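According to this note's numbering, the residues represented by the sequence shown are 3 to 155, in order.
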Amino acid sequence: MQLDQFDRGIIAALQEDARMPVAQVAERVALSATPVSRRIKRLEDEGVIRGYMPVLDPGKLGFELEAYVLINLVAHVDENIARFEAAIAANPCIIACHAVTGDMDYLVRVIARNVEHLSEITLRTLLRIPGVRDVKSIIVLETVKEERALPVG
């Protein structure tokens, strides 16, 4: 899908504040509200805009720890992959999972209440998924940068 300057401006405005009224978005991109509304609908229909979510503070919800967990499977057979991915999808403390290149098969982003909770997730959940061979955890000490907005320019 080709994006013009108006589409990019609309996306930038909505990334800044997804609850911004259409009239305010229209003012920012120098169009009237009706074409902006149509463009937003098209961006949603085309899947460029996949949804709207509040940005939550994990610490205020009781999740004081964030970690990245590297995982290797015993073998890359369909049964192991399906079982692993189903277990990952079912765990609400796993907020992202990526198949990756290199020495490990998956990179998993985990939030936990504390070190004991992280230990429970890794030792009693991830390591016990049939087909998982190896698990290595990296605890986040400090977040230097975390952008949710994508570059649109």
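Positions of the beta carbon are idealized from the N, C-alpha and C atoms, including for glycine. What you are looking at is a predicted structure, and each value in this text was computed from that prediction instead of being measured.
If you draw a straight line from the Cα of I96 to the Cα of K62, it comes to about 18 Å. Three or more pairs of CB atoms, one per stretch, sit closer than 8 Å, so the segment 65-78 contacts the segment 108-118. Annotation for E122: the continuous alpha helix (DSSP H) segment containing it runs V117 to I123.
Restricting attention to H100, P60 and A89, the CA atom closest to the CA of Y70 is found in H100. Along the segment 48-77, the beta strand (DSSP E) occurs as fully enclosed runs of 3 or more residues at 67-75, listed in sequence order. Between the segment 38-45 and the segment 78-92, the count of C-beta pairs closer than 8 Å stays below three; the two stretches do not touch.
Counting only runs of 3+ residues, the beta strand (DSSP E) found wholly inside the segment 83-146 occupies 96-101, 108-114 and 134-141, in chain order.
In its chain, beyond the 5 residues on either side, A28 have a beta carbon closer than 7 Å to the beta carbon of S34.
Cβ-Cβ separation between L72 and L109: approximately 6 Å, consistent with a contact (criterion under 8 Å).
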